[in-house]
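Report on one structure; see the data block that follows.
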Amino acid sequence: MAGLKPAEVSEILKQQLDGFKTVAELEEVGTVLQVGDGIARVYGLSNVQSNEMVEFDSGVAGIVLNLEEDNVGCVLLGPTEKIKEGDSVKRSNKIASIQVGEGLLGRVINTLGEPLDGKGPITGQLYEMPLERKAPSVIYRQPVSEPLQTGIKAIDSMIPIGRGQRELIIGDRQTGKTTIAIDTIINQKEFYKKGEPVYCIYVAIGQKGSTVANIAKTLLEHGAMDYTVIVMSTASDPAALQFYAPFAGAAIGEFFRDCGNAALIVYDDLSKQAVSYREVSLLLRRPPGREAYPGDIFYLHSRLLERSAKINDTLAVAQQMNDVPESIRHLIKGGGSLTALPIIETQDGDVSAYIPTNVISITDGQIFLESHLFNAGIKPAINVGISVSRVGGNAQIKSMKKVAGTLKLSQAEFRELEAFSKFGSDLDAATKSVLEKGARNVEILKQGSASPMTVEEQIAILYCGTQGLLMDVPKEKIRDFEKDYLQLLATQYSAVLHQLSLGELNDEITKTLELAAKKTVQNFVY
Amino acid sequence: MNESKISVRYAKALFSSAVERNLLDDIKKDIDFLLHLLQTQPRFKELLSSPVVKAKGKGEFLNKIFKDQCQQLTMDFLHLLLKNNREVFLLEMCLNFQSLFSKLTGIKSAKLTTAIELDNTQLQKFNQIIQVHFGSKAEVMTMVDENLLGGFILKVEDQQLDASVSTQLKKMRRELVSYIKN
Numbered sequence: 145m146a147g148l149k150p151a152e153v154s155e156i157l158k159q160q161l162d163g164f165k166t167v168a169e170l171e172e173v174g175t176v177l178q179v180g181d182g183i184a185r186v187y188g189l190s191n192v193q194s195n196e197m198v199e200f201d202s203g204v205a206g207i208v209l210n211l212e213e214d215n216v217g218c219v220l221l222g223p224t225e226k227i228k229e230g231d232s233v234k235r236s237n238k239i240a241s242i243q244v245g246e247g248l249l250g251r252v253i254n255t256l257g258e259p260l261d262g263k264g265p266i267t268g269q270l271y272e273m274p275l276e277r278k279a280p281s282v283i284y285r286q287p288v289s290e291p292l293q294t295g296i297k298a299i300d301s302m303i304p305i306g307r308g309q310r311e312l313i314i315g316d317r318q319t320g321k322t323t324i325a326i327d328t329i330i331n332q333k334e335f336y337k338k339g340e341p342v343y344c345i346y347v348a349i350g351q352k353g354s355t356v357a358n359i360a361k362t363l364l365e366h367g368a369m370d371y372t373v374i375v376m377s378t379a380s381d382p383a384a385l386q387f388y389a390p391f392a393g394a395a396i397g398e399f400f401r402d403c404g405n406a407a408l409i410v411y412d413d414l415s416k417q418a419v420s421y422r423e424v425s426l427l428l429r430r431p432p433g434r435e436a437y438p439g440d441i442f443y444l445h446s447r448l449l450e451r452s453a454k455i456n457d458t459l460a461v462a463q464q465m466n467d468v469p470e471s472i473r474h475l476i477k478g479g480g481s482l483t484a485l486p487i488i489e490t491q492d493g494d495v496s497a498y499i500p501t502n503v504i505s506i507t508d509g510q511i512f513l514e515s516h517l518f519n520a521g522i523k524p525a526i527n528v529g530i531s532v533s534r535v536g537g538n539a540q541i542k543s544m545k546k547v548a549g550t551l552k553l554s555q556a557e558f559r560e561l562e563a564f565s566k567f568g569s570d571l572d573a574a575t576k577s578v579l580e581k582g583a584r585n586v587e588i589l590k591q592g593s594a595s596p597m598t599v600e601e602q603i604a605i606l607y608c609g610t611q612g613l614l615m616d617v618p619k620e621k622i623r624d625f626e627k628d629y630l631q632l633l634a635t636q637y638s639a640v641l642h643q644l645s646l647g648e649l650n651d652e653i654t655k656t657l658e659l660a661a662k663k664t665v666q667n668f669v670y
Numbered sequence: 025m026n027e028s029k030i031s032v033r034y035a036k037a038l039f040s041s042a043v044e045r046n047l048l049d050d051i052k053k054d055i056d057f058l059l060h061l062l063q064t065q066p067r068f069k070e071l072l073s074s075p076v077v078k079a080k081g082k083g084e085f086l087n088k089i090f091k092d093q094c095q096q097l098t099m100d101f102l103h104l105l106l107k108n109n110r111e112v113f114l115l116e117m118c119l120n121f122q123s124l125f126s127k128l129t130g131i132k133s134a135k136l137t138t139a140i141e142l143d144n145t146q147l148q149k150f151n152q153i154i155q156v157h158f159g160s161k162a163e164v165m166t167m168v169d170e171n172l173l174g175g176f177i178l179k180v181e182d183q184q185l186d187a188s189v190s191t192q193l194k195k196m197r198r199e200l201v202s203y204i205k206n
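Spelled out as structure tokens, the structure:
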């Protein structure tokens, strides 16, 4: 404030006053009958539409969710205390929406698009996007074909994710679910630098403010905020803001998707969103169902996740897309994608609870994290046996597919044998070698947080594991080996790495990899 | 979910029996009076919705206040509510009754709030405005609220014309604040 000169202020005031409309407009109003617990019942507003924004006397906004015979039920997007019985409520004639644009990148916003990071207003051209929008129908879509590199060895090799896919990350608390999502966002920096950005949206639902601050800090430290938007509604926000947060995130993602860009959205987490939706539904007196969730909890998640898609890359087709908001109609380009990584927290590993089974059936696969693996020091703590990716295989680059094709099966076999071998010590040589190789692969697949690896490096190290080139290296030394080996490749055989990144894998390349592995192994054999 | 059904049904029942007995205008007056009480006397509403006061007590209370002023039909209606434990919804029922009334007669209920008392010629002008803009007759209830500072707020059922100075000042304030924030 101190920076403003008096003349400037008066000038602004004058401008504002000149442009001020004094004509009274006819508005539609209703009266608050009852208010409490974040919802209001309003009498009147007989022409209001479902999902329309309304405004209360005190300036608090609300969204209409229930239309009943003689009243409407609204959820409040602000403090309940400011609203009194008998207050008047105005229609806005606008469906709930959010202002979206490239200016959001690097910012932390709430469900309504208001900045929370104290960096001033959102700059640049903004477009209005509705929170609820129908997903693109079949003809505007295309099968998943491009990989979305997470930079995590275990995922990119065994549970590959494609652009436009929905891959669920599921596990108990404290198993590294958020870490996987954050690492994936950090890995997109490579593409941002190359000029083919994958814009990222991280939606924090019902989390602690301090947790989100930590995540923002991590992303900032790794230079990932340049292409990331954080949408947050903390545990203390009204339930309505919490359950609309993923929809706000999806609206931002759709903006990037429809403009022909690749985008990645993380919903952290949908179980908390389901809980806040249950709260609102019960207060609106919708009948409760299983675990007291309302009947449309499945639809809530399915319509949200259905909005992730790979859009047809023919411009003419993409421009015909259904339900495009008028504001961005002129910007539509084909070939964009929106990949979703929803997160679900389970209680004590129970995946057969209501919400987990729902979301598992909606998504195109799941990454299952387990606390006993986590406690055994296997990070990321992915249970390979029950984690799947239903469409990502088509999106893997060829060289990765060739090298890692059998990895998942052999690791599953290893887990089975490992359990079996605990009964006795007499094992034949073949079994022993499977166990030795499996244990080394487990070591290879371990990876620290926020240390993404390029796809060519992943292929190079996984090749050593799957071909059994590391049988002479002690298990504890595998990580050191990896470091030296990749360094050797980067310094002396960078051409091979480049070829791998293009998807090539021929005899010459494999020979070079084997040679480099042999050279490095010598340093670790005693 | 059931609240709205309950209030609509009771209102409909009262309305149709009022029509049958040719008592519509009298009942309308009673209902307006009840509504006025409910909206201006929070303690009256509190009493009706209180679970501590027994239905018998509420009945005696209603008899004392309304017996001399209201139609027998209204009294019967109130006692029926007490018997069925639906007295909590009286406000919604009154509102629904009003809307049924305006649908049948074409006379809308309007509320005019001004900063100063209006004289008859001014009121007539308002009636004309309502005729022209809303295409129907209206029964105008006037209210004086000094907080408006000037101008008026005219509310005809769901629609509202807000030409008060206080609202314009509020709008102006909001625009300036949002300009400075940006």
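First to last, the protein sequences are chains Y and W. Going by this note's numbering, the first residue of the first sequence is number 145, and it counts up by one from there. Going by this note's numbering, the first residue of the second sequence is number 25, and it counts up by one from there. Note that the Cβ used here is the ideal one computed from N, Cα and C, for glycine as well.
Length of the line joining the Cα atoms of V461 (chain Y) and E470 (chain Y): 17 Å
Could you please give the first and the last residue of the uninterrupted beta strand (DSSP E) stretch that includes M376 (chain Y)? T372 to T378
For A525 (chain Y), the three-state DSSP class (helix, strand or coil): coil
Taking 8 Å as the CB-CB limit, is G180 (chain Y) close to chain W? no
Helix, strand or coil: which one does DSSP assign to G188 (chain Y)? strand
Of all the options Y:P431, Y:L428 and Y:C403, which has the alpha carbon lying nearest to the alpha carbon of M465 (chain Y)? Y:C403
Quick check: the segment 81-97 of chain W against the segment 45-54 of chain W, are there 3 or more CB pairs under 8 Å? yes
Per the DSSP calculation, I242 (chain Y) is bridged to which residue(s)? Y:M273
Expressed to the nearest angstrom, what Euclidean distance is found between the alpha-carbon atoms of A384 (chain Y) and L426 (chain Y)? 12 Å
For S281 (chain Y), the three-state DSSP class (helix, strand or coil): coil
In its own chain, which residues sit with a C-beta less than 6 Å from the C-beta of D169 (chain W), not counting the 5 before and 5 after it? T137
Could you tell me which of Y:T654, Y:Y336, Y:T550 and Y:V252 sits nearest to S301 (chain Y), measuring between CA atoms? Y:T550
How would you label R434 (chain Y), buried or exposed, when you count the other beta carbons within 10 angstroms and need 16 or more for buried? exposed
Assess contact between the segment 100-118 of chain W and the segment 155-162 of chain W, defined as three or more Cβ pairs (one per stretch) separated by less than 8 Å. Is contact present? no
Rounded C-beta distance between I499 (chain Y) and A418 (chain Y)? I'm assuming under 8 Å. 5 Å
Run of the beta strand (DSSP E) containing S565 (chain Y), from where it starts to where it stops: Premise fails: S565 (chain Y) lies in the alpha helix (DSSP H), L551 to S565, not in any beta strand (DSSP E).
Establish whether the CB of E225 (chain Y) and some CB of chain W are separated by less than 8 Å. no
Is S202 (chain Y) closer than 8 Å to I183 (chain Y) when the C-beta atoms are compared? no
Quick one: what's F176 (chain W) bridged to in DSSP? W:T138 and W:A187
To which residues does DSSP link V219 (chain Y) through a beta bridge? Y:I183 and Y:I207
Sort Y:N195, Y:T267 and Y:D214 by Cα distance to S241 (chain Y) and report the nearest one. Y:N195
Where the alpha helix (DSSP H) containing V599 (chain Y) begins and where it ends: V599 to T610
For A168 (chain Y), go through chain W and note every residue whose CB falls closer than 7 Å to its CB, in chain order. L185, D186 and A187
If you compare alpha carbons, which of Y:P341, Y:Q351, Y:C608 and Y:P291 is closest to S533 (chain Y)? Y:P291
Looking at L221 (chain Y) and P382 (chain Y), is the spacing between their C-beta atoms short of 8 Å? yes
Residue burial classification, E557 (chain Y) (beta-carbon count within 10 angstroms, cutoff 16): exposed
C-alpha gap between D457 (chain Y) and R430 (chain Y), whole angstroms: 42 Å
Got a sec: is the Cβ-Cβ distance from Y187 (chain Y) to anything in chain W below 8 Å? yes
Could you list which residues in chain W have their beta carbon closer than 7 Å to that of S190 (chain Y), in chain order? D182
Here's the rule: buried if 16 or more other CB atoms are within 10 angstroms of the residue's CB, otherwise exposed. What is K576 (chain Y)? exposed
Sequence ranges, beta strand (DSSP E) only - wholly within the segment 415-495 of chain Y, length at least 3: 481-489
Contact check, V375 (chain Y) vs A357 (chain Y) under 8 Å by CB: the rounded distance? Between A357 (chain Y) and V375 (chain Y) the Cβ distance is about 14 Å, and since that is not below 8 Å, they are no contact.
Let's see if you can read the secondary structure: which residues bound the alpha helix (DSSP H) around I622 (chain Y)? I622 to Q636
Is there a C-beta anywhere in chain W that falls below 8 Å from the one on E212 (chain Y)? yes
With a Cβ-Cβ cutoff of 8 Å, do R285 (chain Y) and K454 (chain Y) count as a contact? yes
The segment 405-414 of chain Y contacting the segment 316-331 of chain Y, beta-carbon criterion three pairs below 8 Å: yes
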